[in-house]
Amino acid sequence: MRFSRLGIFVLLALSVFLTTNCTYYDRIMSRKNLVDGSIAYKERKFDRAEELFRNAVSRDPEGETLEGRTAQLFLARTLHSRYIGNRQDTSIAEAAIQEYKKALAVDKNDQSSYKAVASLYDNLQRPDDWQKWVTDRANDTSILPQNRAEALISLAAKQNSCAAELSDTEETKKTVQKDGKDVYQFVKPSNPQDFERLKGCVTLGNSLIDQAMALEPETVKNASSMDVKNMTDQQLRENLELVKAFESARSYDASLKVQEMRVAEMEGRAEDRDRLKTEADQAKQAFLDLGNVSKSLQDEIDARAAVQAEAENKEKAANTNS
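Mapping to the working numbering: the sequence shown position 180 is 725, numbers consecutive.
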């Protein structure tokens, strides 16, 4: 079969175009891989999705384009899903961790990738790796303050759990009569080492949560004055994410003050116990106040989504009837 002159010209022109615009061509092909890979992922065909996402990554291994960065993240999530389906194969989890880290190298503030790595370390029962990963995040001053705060909160949460496990036991939590009512009285555990560990967990937990609270921006401190109705959709999402981070910080601040109060009671420091109870109640109220702001932001997001869904349904019905 012979090519016409026009056919040969078009072929040559196309060859030149693809040669001189390989980056553009690669991006187009990467987009196709991303679409096809997403479909395969949705259908739980993870092997096929992995292959397609790897193809897209190979065209931009440094993540210099949006397509390359997206492919890197999608590949990590696909490997993560494969591991969830087969937790015996820890090599898949390790591969997912490495891909998430590559995504984070491009965008340090990618919270989803950071949290995914922390979760995988936790699932793999590698507490030392988890501790280093979260501590490094907490100490990284180049990322957003709320992202550092979330890492500090995670570390503080571990200390709060440690304290609760030691203070909230049948041995340490006694029911006594006070003013005609049953109340709890906290006493030292019989093992002196347990008590020292309890105090250590409380001290470290408070230190960590104080660091997280110190990162609270003025936007959060003045959150009660937010004009939710006049925010853009993006502002609503950004403020909700910000408020939720420090809502959690305030929650653990209250909880750790309760643990500190128990230690004071165990040591017979009644004045400190009463002071700490007042501080714990104040911290709890601060947490509840921020929770109300969080709820108002979420309610507005949900209300707008409902209006949009209703409009789309009406448009579909109108198109169907036309």
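Glycine included, every Cβ here is placed at the ideal spot set by N, Cα and C. Just so you know, these numbers come straight off a predicted model, no measurement behind them.
Asked                                                                                                                      : Found
Contact check, Leu835 vs Ala768, beta carbons under 8 Å                                                                    : yes
Residue environment, Gln756, which counts as buried when at least 16 other CB atoms sit within 10 Å                        : buried
Cβ contact (3+ pairs, closer than 8 Å) linking the segment 570-579 and the segment 600-616                                 : yes
Reference Leu649, options Asn668, Gln676, Asp685, Met776, closest by Cα                                                    : Asp685
Spatial neighbours of Val747 in its chain, beta-carbon cut-off 7 Å, leaving aside the 5 residues before and after          : Ala708, Leu801, Gln804, Glu805, Val808
Residues that Asp727 bridges to, as DSSP identifies them                                                                   : Gln722
Contained beta strand (DSSP E) runs [length at least 3] in the segment 786-833, N- to C-terminal order                     : none
Lys647 burial status per 10 Å Cβ neighbour count (16 or more: buried)                                                      : buried
Contact belief for Gly582 with Val651 at Cβ below 8 Å, rounded distance in angstroms                                       : No, Gly582 and Val651 are not in contact; Cβ-Cβ is about 19 Å, not under 8 Å.
Contact under 8 Å by Cβ, Val765 with Val728                                                                                : no
Option in Gln722, Ile698, Pro734, Gly725 with minimal Cα separation from Glu715                                            : Pro734
Three or more C-beta pairs below 8 Å linking the segment 618-630 and the segment 594-606                                   : yes
DSSP-derived helix/strand/coil call for Arg632                                                                             : coil
Local Cβ density within 10 Å of Asn775, reported as buried at 16 or more and exposed below that                            : exposed
Length of the line joining the Cα atoms of Trp678 and Glu857                                                               : 44 Å
Neighbourhood of Met758 by C-beta distance below 7 Å, restricted to the same chain and skipping five residues each side    : Ala794, Asp798
Proximity to Glu845 [Cα-Cα], best of Asn668, Met771, Ala621, Asn736                                                        : Met771
For Glu783, the three-state DSSP class (helix, strand or coil)                                                             : helix
Extent of the continuous alpha helix (DSSP H) run through Met758                                                           : 737-759
Ala815, buried or exposed, once every other Cβ within 10 Å from all chains shown has been counted against 16               : exposed
Nearest neighbour of Ala683, chosen from Asn654, Pro672, Leu669 [CA to CA]                                                 : Asn654
Residue environment, Ser712, which counts as buried when at least 16 other CB atoms sit within 10 Å                        : buried
Beta-carbon proximity of Leu618 to Ala641, cut-off 8 Å                                                                     : no
For Ser839, the nearest candidate out of Asp819, Ser658, Val773 (CA to CA)                                                 : Val773
Selected residue, minimal CA-CA separation from Leu760, among Met811, Lys859, Arg693, Gly725                               : Arg693
Cut-off 8 Å between Cβ atoms - residues of its own chain near Asp667, not counting five sequence neighbours on either side : Trp675
Three-state secondary structure (DSSP) of Asn705                                                                           : helix
Limits of the alpha helix (DSSP H) - the one that Pro672 falls within                                                      : 672-683
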